[in-house]
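Per the numbering used here, numbering through the sequence shown is continuous, rising by one, with the last residue being 550.
Beta carbons: idealized from backbone N, C-alpha and C, even for Gly.
The structure under discussion appears below in the form of structure tokens.
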Amino acid sequence: MTNSMQGKKATLQKRLQQRSSDYDRYGRYVAQNFTRKNLWLRLVAEFGDIALMLLPVQLWLIVFILTSSGFISVGLLNFVSIVTVVLMVIFMVVANTYLSVVFKGQSFGKIAMRLKVVNADNSECSRKTLILRELLGKVLPMLACYAIFSLFTNGTLGVIVFLVLDGLLVFVDGRHRSIIDFILKTKVVCLNDQVRREDVEAVKPTETIIPKTENTIDLHVISTFSHDGEVNVEDLLTRAKEAGLKTISITDHNSAKANHSAKSLAPLYGIDYIPGISIDCNYKGVHMRILGYFIDAADERFVTLEHENLMKEKASSVRRVHLFEEFTGIEIDTEQMLKGNRFQLASPELIARYVLNNVNYKDNKLFAPYITGNKKNKPIANFVKDFFAPGAVAYCPVAQPKVEDMIALVKATGGVVMLEDPMVYLKDYPEYISELLEQGVDGLEVFTPRQNKNDVKFLLRLVKHYNCAVSAGSEYHGPKRKEFILGHTTCPVNAERLVENFVEAYSLTSTNT
38 MTNSMQGKKA TLQKRLQQRS SDYDRYGRYV AQNFTRKNLW LRLVAEFGDI
88 ALMLLPVQLW LIVFILTSSG FISVGLLNFV SIVTVVLMVI FMVVANTYLS
138 VVFKGQSFGK IAMRLKVVNA DNSECSRKTL ILRELLGKVL PMLACYAIFS
188 LFTNGTLGVI VFLVLDGLLV FVDGRHRSII DFILKTKVVC LNDQVRREDV
238 EAVKPTETII PKTENTIDLH VISTFSHDGE VNVEDLLTRA KEAGLKTISI
288 TDHNSAKANH SAKSLAPLYG IDYIPGISID CNYKGVHMRI LGYFIDAADE
338 RFVTLEHENL MKEKASSVRR VHLFEEFTGI EIDTEQMLKG NRFQLASPEL
388 IARYVLNNVN YKDNKLFAPY ITGNKKNKPI ANFVKDFFAP GAVAYCPVAQ
438 PKVEDMIALV KATGGVVMLE DPMVYLKDYP EYISELLEQG VDGLEVFTPR
488 QNKNDVKFLL RLVKHYNCAV SAGSEYHGPK RKEFILGHTT CPVNAERLVE
538 NFVEAYSLTS TNT
């Protein structure tokens, strides 16, 4: 081998090693899992892999065409057929397996579509795992199906049957795994687009004007009495009037403090006010939230609830920052980050904004996807999901009270209980929604920005079946959370009567002052 060839080989090896290193340091934590919307990428990649495996067949076809045309003697066709079979075996067994090992989980088709085979925790697979996945997951089953079907019918049909069955499993499984993925505990992920360092700039939130809304009722608004609220009570009422709202409810997280001033000030703005609260709780090990409306906000039990929750959140905050620093290798100026934060809580959203708006971290590859990469459309939400959601590197669970106890608390204070964003918190356990409706929950928050049309259809069927109440809310937190706009509850104008019926019915029976 010449010095030039050795140099090129060394350069290629260095680049591949650097790619692998970059993936382990940065990419593995922001690689995207498959959804049904991008399964076409995997389909194209599979066809690419199969095309490479069947490449020798193309040689045989060329010789066959030349033989049929009289350019080559027929005797050569037999020789080419033998060579084709040998090459087929070699290509099927070696080609994609070799590429997958060299490119760390990327076979021919996966390289083209920017896909990668990784372990269940997104880490790089070992060589042994990659070899076994190619051989046991594709090559040997295809050869076996070909041989078995050849005894009865056409061997090619056996290969097609295997690919179809394996493909159906990928489509049906929630994590889009094939048969071999279940055995080896691997999966396929989508790699993010590379982002140049010089393109990385801080994202700076801007104030937005509250637009007019067709909805007149918004029963899910957050104030500064919540750790992630940005607007105080009086400003919320001002903005609600500007938006054209007639009825609102402030439902702060585990706090009822906003209700006293809101109820007193609301008449000055021509707004009907409903006392409310949002409570974190637990049902069968699943974190969820309930909304309490028409509560007696002065009840001391709400003060106790807020205090206990605050103590748990503070302990979790310290741990959350420590885990995040440990993983990313950066040091957060906690004092600066919590400046002006009345609760001194380092919530996932607060950490996300602090990091993405801090020029000191603009060259950090780990944060690039959220600034100029493919996650910049919803940077805060994606950041929180990738770093702080259950199973993520800085996830810190907070022990929550039982939902049964919180339902009892709301009802004991004269309130009405609704499930908050049921298809968000209970999307994996839709049967729990029915169970809770049967256990005393009065209704469902059907219309919110976080629930899609299919969610709404499902919830409305439950509303009809159980004859329960309907709520709608924008989940407005303030101008920094651009996905939530005051008054925009996603409730169709002709469906708002459902919410009005709930408000009117319980307003008549409410004894709160």
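Let me check one thing: in DSSP terms, what residues is residue i bridge-paired to?
i    : result
G480 : M455, A506
Y407 : Looking at the DSSP assignment, Y407 forms no beta bridge with any residue, so it has no partner.
V258 : I287, Y513
Q437 : The partner list for Q437 (beta bridge, DSSP) is empty, contrary to what the question assumes.
V155 : E161, K224
Q69  : C227
Can you give the Cα-Cα distance for residue i and residue j, rounded to whole angstroms?
i    : j    : result
K241 : S471 : Below a pLDDT of 50, predicted positions are generally treated as unreliable, and K241, at 39, falls in that range; the measurement from the model is reported next regardless. Distance between the alpha carbons of K241 and S471: 42 Å.
F186 : L202 : 15 Å
L206 : R498 : 30 Å
G174 : V131 : 14 Å
N538 : S286 : 16 Å
G377 : T261 : 11 Å
F189 : N319 : 57 Å
R338 : R356 : 28 Å
N252 : E350 : 34 Å
E441 : V176 : 53 Å
F145 : G85  : 6 Å
A389 : T121 : 57 Å
V536 : D423 : 35 Å
S160 : L305 : 58 Å
K294 : T450 : 15 Å
F116 : V100 : 10 Å
A532 : N504 : 15 Å
M150 : F140 : 14 Å
S384 : L393 : 14 Å
L91  : A82  : 14 Å
L302 : A445 : 29 Å
Y432 : D336 : 33 Å
G477 : V454 : 8 Å
Q512 : F425 : Position check: residue 512 holds Glu in this sequence, whereas Gln was assumed. Looking at the two C-alpha atoms, the distance is approximately 20 Å.
D218 : R170 : 8 Å
V154 : N411 : 20 Å
Y469 : L463 : 7 Å
F495 : M460 : 9 Å
H213 : I87  : 19 Å
N419 : V94  : 45 Å
P416 : E520 : 11 Å
C35  : L172 : The question about residue 35 has no answer, for the chain in this structure spans 38 to 550.
G266 : V421 : 16 Å
N191 : L200 : 15 Å
L481 : K448 : 16 Å
W97  : D210 : 38 Å
H525 : I314 : 19 Å
Buried or exposed for residue i, please, with buried defined as at least 16 other CB atoms from any protein chain shown within 10 angstroms of its CB.
i    : result
P427 : exposed
P529 : exposed
H297 : exposed
Q373 : exposed
D479 : buried
T193 : exposed
N414 : exposed
E457 : buried
N291 : buried
T245 : The predicted model places T245 with a pLDDT of 45, which falls under 50 and marks its position as unreliable, so this point remains unresolved.
A184 : exposed
G142 : buried
D236 : With a pLDDT of 31 at D236, under the threshold of 50, the modelled position of this residue cannot be trusted; read the value that follows with caution. Classification for D236: exposed.
D289 : buried
R233 : Per-residue confidence for R233 stands at a pLDDT of 30, beneath the threshold of 50, marking its modelled position as unreliable; the derived number appears in the next sentence. That one is exposed.
M179 : buried
S354 : buried
A542 : exposed
I127 : exposed
F484 : buried
Within 8 Å (strictly less), CB to CB, does residue i reach chain C?
i   : result
L76 : Note that chain C does not occur in the displayed structure, where there is just one protein chain.
Under 7 Å from any heavy atom of the ligand MN, does the C-beta of residue i make it?
i    : result
L113 : Ligands in the displayed structure: none, and consequently the ligand MN is not present.
Please list the segments of the beta strand (DSSP E) lying wholly inside the region 304–369, counting only runs of 3 or more residues, in order along the chain.
The beta strand (DSSP E) runs lying completely inside the region 304–369 and spanning 3 residues or more are 313–320, 323–330, given in chain order.
Okay, do the region 339–354 and the region 474–492 touch, 3+ Cβ pairs below 8 Å being the bar?
In the pairwise beta carbon analysis, the region 339–354 is classified as not touching the region 474–492: fewer than three pairs are separated by under 8 Å.
Whether or not the region 150–167 and the region 220–229 are in contact is what I'm after, with contact meaning three or more pairs of Cβ atoms, one per stretch, closer than 8 Å; do they touch?
These segments touch.
For the region 121–149, list the beta strand (DSSP E) runs that are entirely contained and at least 3 residues long, ordered along the chain.
Here no run is fully enclosed.
Should the region 401–413 be called in touch with the region 433–450, which here means at least 3 C-beta pairs below 8 Å?
Below 8 Å, too few C-beta pairs join the region 401–413 and the region 433–450 to call them touching: fewer than three.
Three-pair Cβ contact test at 8 Å for the region 357–366 versus the region 323–337
Per the Cβ contact rule, the region 357–366 is not in contact with the region 323–337 (fewer than 3 Cβ pairs under 8 Å).
Mind the definition here: the region 258–278 touches the region 394–402 only if three or more C-beta pairs lie below 8 Å; say whether that holds.
In this structure the region 258–278 does not lie against the region 394–402, because fewer than three pairs of beta carbons, one per stretch, are closer than 8 Å.
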